[in-house]
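K.L.:
In my numbering, the protein residues as written are -4 to 33.
Submitted below is the structure of interest, expressed as structure tokens.
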């Protein structure tokens, strides 16, 4: 499901706030959300 959301750019133009995005899981989540258009 996550892959479909990211592949479809369903977050294009949306804002996502990720706390703890400097390393680890938070960083991976921030990068994934950014690649999805957020």
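Quick reminder that beta carbons are idealized off the backbone N, C-alpha and C, glycines included.
Thinking residue 6 and residue 26 are a contact (beta carbons under 8 Å), I'd like their distance in whole angstroms, please.
P.N.:
By one-based count along the chain shown, residue 6 stands at place 11. By one-based count along the chain shown, residue 26 stands at place 31. Not a contact, Cβ separation roughly 13 Å.
K.L.:
Less than 8 Å between C-beta atoms, sequence neighbours within five positions excluded: which residues of the same chain meet that for residue 32?
P.N.:
Taking the chain shown and counting its residues from 1, the one referred to as residue 32 is at position 37. These residues qualify, in order along the chain: 4, 5, 6, 7, 8 and 9.
K.L.:
Suppose contacts are defined by Cβ-Cβ distances below 7 Å. Is residue 19 in contact with residue 13 by that definition?
P.N.:
On the chain shown, position 24 is the one that residue 19 refers to. On the chain shown, position 18 is the one that residue 13 refers to. No, the Cβ-Cβ distance between residue 19 and residue 13 is not below 7 Å.
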